[in-house]
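Heads up: the sequence shown begins at 1 in the UniProt record's numbering, then just goes up one per residue. Using N, Cα and C, we set each Cβ at its ideal position, and we do this for glycine too. Reading through the structure tokens given below for one structure.
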Amino acid sequence: QGSDMRPPNMVCVKADVPLSELSNYQTELKSATGGHGFFTMEFSHYEPVPANVQQQLKAAYKPTEGED
1 QGSDMRPPNM VCVKADVPLS ELSNYQTELK SATGGHGFFT MEFSHYEPVP
51 ANVQQQLKAA YKPTEGED
């Protein structure tokens with residue numbers, strides 16, 4: 001979506017990112033910014049999963065006891 005500069009020497013980045021892509025983001029951001037970076041997130045919307053990702057999810061799915 002974009003970014004803008006904020007004083008003093010800060011950059012605000014706004015983006016739509018799948019939640020599954022954020023599992024290590026906190027660690028990566030802290031590492032890239034020397035521990036000074038932070039982020040917030042909020043729910044935006046649901047979106048259909050692409051067909052190739054659907055296939056990967058189906059292949060990786062292992063039903064738990066009691067599930068079909």
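- Under the three-state reduction of DSSP, S44 is assigned to coil, being neither helix nor strand.
- Secondary structure of S31 (DSSP, three-state): helix.
- Apart from sequence neighbours up to five positions away, the residues of its chain that approach K30 with a beta-carbon distance below 7 Å are G37, ordered along the chain.
- Cβ-Cβ separation between S3 and V17: approximately 14 Å, too far for a contact (criterion under 8 Å).
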